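*Asks:*
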Amino acid sequence: MALRDRYSEYQRPILGAASVIGFFLLWEGLLTFVVSVDAFFLTQPSEIAVVARELLLGGALWRDLAVSSRAFAWGFGAAVVVGIPVGVFMGWRRRAEYTLDPFLTALYASPLVALAPLLIIIFGVGLTGKAVLVFLLAVFPFIFNAFAGVKATDQLLISVVRSFGGKEKDLYFKVILPSILPYLVAGARIAIGRGIVGIIVGE
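Just so we're aligned, residue 85 is where the sequence shown starts under this note's numbering, counting upward by one.
Encoded structure:
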């Protein structure tokens, strides 16, 4: 019984690790014994591990990661700084919502990754172009999640703050921001994934 309880407690990480290991074993087995594919297009995980070890020990991978991380940090940071205030403003001001929502929704639904060549032409192949691409992909989850969080804020709390003479800044910092935090965390998860896609495409 104790063993079963312990397995239930760690079932998720155990099954997750087993599925990942099984995937790589299947990949290795298929390319070794079943399918013949040019190594230029696809190779075994064992070969990838050997090259990855050389890159890690040689230091080249760390230098490249540092450059990419800097571009990601600038783009993601700008997405946070711009996206959250825009989303809160849209959620709080109805006219801003009606004005901005059609354009932002259209941009969010468009394949922004396709702008990568244009950004490279405008900003070059350096840090700026990659950071802008990360920003464009990561900013919309913050905008729309902050917007949704404001819309879901309990109106009773807002009325109570106003009835006690609370000012606009009190509503923002004591009611709205705490209410939208779960939405921002969810938006950050999406934004991180989109930002990683952006930095990979930029590279």
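Glycine included, each C-beta is placed from N, C-alpha and C at the ideal position.
This structure is a prediction, so every number in the text was calculated from the model and none was measured.
#1: Classify V209 as buried or exposed, calling it buried when 16 or more other Cβ atoms lie within 10 Å of its own Cβ.
#2: Return the residue from the list I274, V134, V285, L261 that minimises the CA-CA distance to V197.
#3: Give the secondary structure of K235 by DSSP, where H, G and I count as helix, E and B as strand, and everything else as coil.
#4: Please report the straight-line C-alpha distance between R137 and L217, rounded to a whole angstrom.
#5: Note down, in chain order, each residue of its chain lying with its Cβ closer than 6 angstroms to the Cβ of R278, except the 5 sequence neighbours on either side.
#6: For V269 and L255, what's the separation of their Cα atoms in angstroms?
#7: Quick check on the DSSP output: the alpha helix (DSSP H) that includes P288 runs from which residue to which?
#8: Counting along the chain, where does the alpha helix (DSSP H) carrying A123 start and finish?
#9: Inspect the CB distances between the segment 226 to 234 and the segment 257 to 271 and report whether three or more fall short of 8 angstroms.
#10: From D185 to F224, what does the alpha carbon distance come to, in whole angstroms?
#11: Please look up how many angstroms separate the CB atoms of F219 and G171, rounded, as I've assumed it's under 8 angstroms.
#12: Mark I260 as exposed unless 16 or more other C-beta atoms lie within 10 angstroms of its C-beta, in which case mark it buried.
#13: Can you grab the Cα-Cα spacing for the pair T183 / A150, in whole Å?
#14: Within a Cβ cutoff of 8 angstroms, which residues of the same chain sit near V281, ignoring the five residues on either side of it in sequence?
*Replies:* For this structure:
#1: Label assigned to V209: exposed.
#2: V285
#3: helix
#4: 30 angstroms
#5: L221, A222, listed in sequence order.
#6: 20 angstroms
#7: The shown model of the chain, from 85 to 287, leaves out residue 288, and the question about it has no answer.
#8: From DSSP, A123 is part of no alpha helix (DSSP H); its letter is neither H nor E.
#9: Verdict: yes, contact present.
#10: 11 angstroms
#11: 15 angstroms between Cβ atoms; not a contact.
#12: buried
#13: 40 angstroms
#14: Within the same chain, V281 has close Cβ partners V197, L221.
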